[in-house]
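Protein chains: 2
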Amino acid sequence: MDVIAAVGGAYYQDFAAVAARHGLTPVQAKVLGAAVRAPLPMRALAEALVCDASNVTGIVDRLEARGLVRREAGPQDRRVKIVTATDEGREAILAVREDMKSVHDALDRLDASERDTLHEILQKLLPELSQASAQGH
Amino acid sequence: MDVIAAVGGAYYQDFAAVAARHGLTPVQAKVLGAAVRAPLPMRALAEALVCDASNVTGIVDRLEARGLVRREAGPQDRRVKIVTATDEGREAILAVREDMKSVHDALDRLDASERDTLHEILQKLLPELSQASAQGH
DNA sequence: TATTGTTATACTCTATAACTATA
DNA sequence: TATAGTTATAGAGTATAACAATA
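Protein chains in written order, with the UniProt record's numbering: chain S, 1 to 137; chain Y, 1 to 137.
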């Protein structure tokens, strides 16, 4: 399990370094990436970040102040606010993804068969891990 | 690569939840774990945490205030301070490790051969990832 | 001169609790 | 009553810069 923590940690460090190079914290890059994939409510962002909803206000505030993101009115329920990436936000996240390619190259240095095997086993491990965190023992 | 981030994130969430259950932040649990494995200088802790040395002062302060860790004089160089776990700190980290077993059980639900294969491939991937973070592109 | 650890400062992320506006 | 988002507050982690003690 040590090696999982090590690989996860190394990947996170890489991601944090890339995000920082583009003036973003890891959390900001994560939120921006999610908003680029699809506009989503504040509530959904809190779930994605696994944090209290009150934190999302400040995180989105800072992104919005820099023009990377917009708050739009929910179409049906007037309580919800939909976080949408601006063009500038989209460009920022594309630059981050471009930069992450040098990290993803690490995977390409594995054999194709190893890559598939790794993917398959991790896919199987993931729900078990997620369940463990939800359990609380 | 998505699945690596997902597994790494899930493992981190599990670790954070277990640490919190024992009144520790993830960083505190990490430092305490390192100090239990072997006493080490502040400087080495900064490297282990991949953060500036100035941060370690506060982190160790908080652990020391709770009696989990002690600062001892370096044997040769009088500038260095060696962080050593107290008996109480040792007990705390043992409790964390015990609790992490339920997370490690996720691995046991894989076939033995899958477990070995996973370990082997991740071991191979790790230096590539660590290198990528060090590069800065 | 260089290094170890500390301090001061400012920012971000975090949880909790209390609030508003909707539903 | 319940839910979405906000505000206020406090604590923890982070980087930068400047400093004291020691090498």
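Ideal Cβ placement from N, Cα and C applies to all residues, glycine included.
Quick caveat, the model's predicted, so the values are computed rather than measured.
Within 8 Å of any Cβ in chain Y, is that where the Cβ of residue i sits?
i, result
"SER130/S", "yes"
"ASP87/S", "no"
"LEU107/S", "yes"
"VAL96/S", "no"
"ALA53/S", "no"
Could you tell me which of the options sits nearest to residue i, measuring between CA atoms?
i, options, result
"MET100/Y", "ARG70/S, ALA132/S, HIS104/S", "ALA132/S"
"ILE93/Y", "GLU114/Y, THR25/Y, LEU32/Y, GLY9/Y", "LEU32/Y"
"residue 143/Y", "ALA48/Y, ARG62/Y, MET42/Y, SER130/Y", "Residue 143/Y falls outside the range modelled here, since chain Y spans only 1 to 137, and no answer is possible."
"ALA46/Y", "VAL27/Y, GLU64/Y, ARG37/Y, GLY23/Y", "VAL27/Y"
"HIS104/Y", "LEU129/S, ASP111/S, ARG115/S", "LEU129/S"
"GLU64/S", "CYS51/S, ALA85/S, GLU114/S", "ALA85/S"
"ALA106/Y", "MET1/Y, ALA6/Y, TYR11/Y", "TYR11/Y"
"VAL60/Y", "LEU118/Y, ALA16/Y, LEU40/Y", "LEU40/Y"
"ARG62/S", "ASP87/S, GLN76/S, ALA29/S, ARG78/S", "ALA29/S"
"LEU14/S", "MET1/Y, GLN13/Y, ALA38/Y", "Going by the sequence as given, residue 14/S is Asp instead of Leu. Comparing Cα-Cα distances from ASP14/S to each of MET1/Y, GLN13/Y, ALA38/Y, the minimum goes to MET1/Y."
"ASP87/S", "GLY67/S, SER113/S, ALA44/S, GLU120/S", "GLY67/S"
"GLU114/S", "SER113/Y, ARG109/Y, GLU120/Y, LEU110/Y", "GLU120/Y"
Since residue i meets chain S, which of its residues come closer than 9 Å, beta carbon to beta carbon?
i, result
"ILE121/Y", "LEU110, GLU114, ARG115, THR117, LEU118, ILE121"
"VAL27/Y", "In chain order: nothing, as chain S lies at least about 12 Å away."
Are any of the Cβ atoms in chain S nearer than 8 Å to that of residue i?
i, result
"ILE59/Y", "no"
"HIS137/Y", "Because HIS137/Y carries a pLDDT of 39, less than 50, the predicted location of this residue cannot be relied on, and the following value inherits that uncertainty. HIS137/Y counts as touching chain S."
Residues of chain Y with CB closer than 8 Å to the CB of residue i, please, in chain order.
i, result
"LYS124/S", "LEU110, GLU114"
"GLU50/S", "Checking the displayed sequence, the identity of residue 50/S turns out to be Val instead of Glu. The contacting residues are GLN13."
What is the C-beta distance between residue i and residue j, in whole angstroms, given that I count them as a contact (C-beta under 8 Å)?
i, j, result
"ILE4/Y", "LEU122/S", "7 Å"
"HIS22/Y", "VAL96/Y", "5 Å"
"GLY89/Y", "VAL56/Y", "Not really, about 16 Å apart at Cβ, beyond 8 Å."
"GLY74/S", "VAL80/S", "3 Å"
"ALA19/Y", "ALA34/Y", "Not a contact, Cβ separation roughly 14 Å."
"VAL7/S", "GLY8/Y", "7 Å"
"THR25/Y", "THR117/S", "THR25/Y to THR117/S, Cβ: 35 Å. No contact."
Next on the checklist: Using a Cβ-Cβ cutoff of 9 Å, what residues of the segment 4 to 20 of chain Y are near chain S? List them in chain order.
Outcome noted: ILE4, ALA5, ALA6, VAL7, GLY8, GLY9, ALA10, TYR11, TYR12, GLN13, ASP14, PHE15, ALA16, ALA17, VAL18
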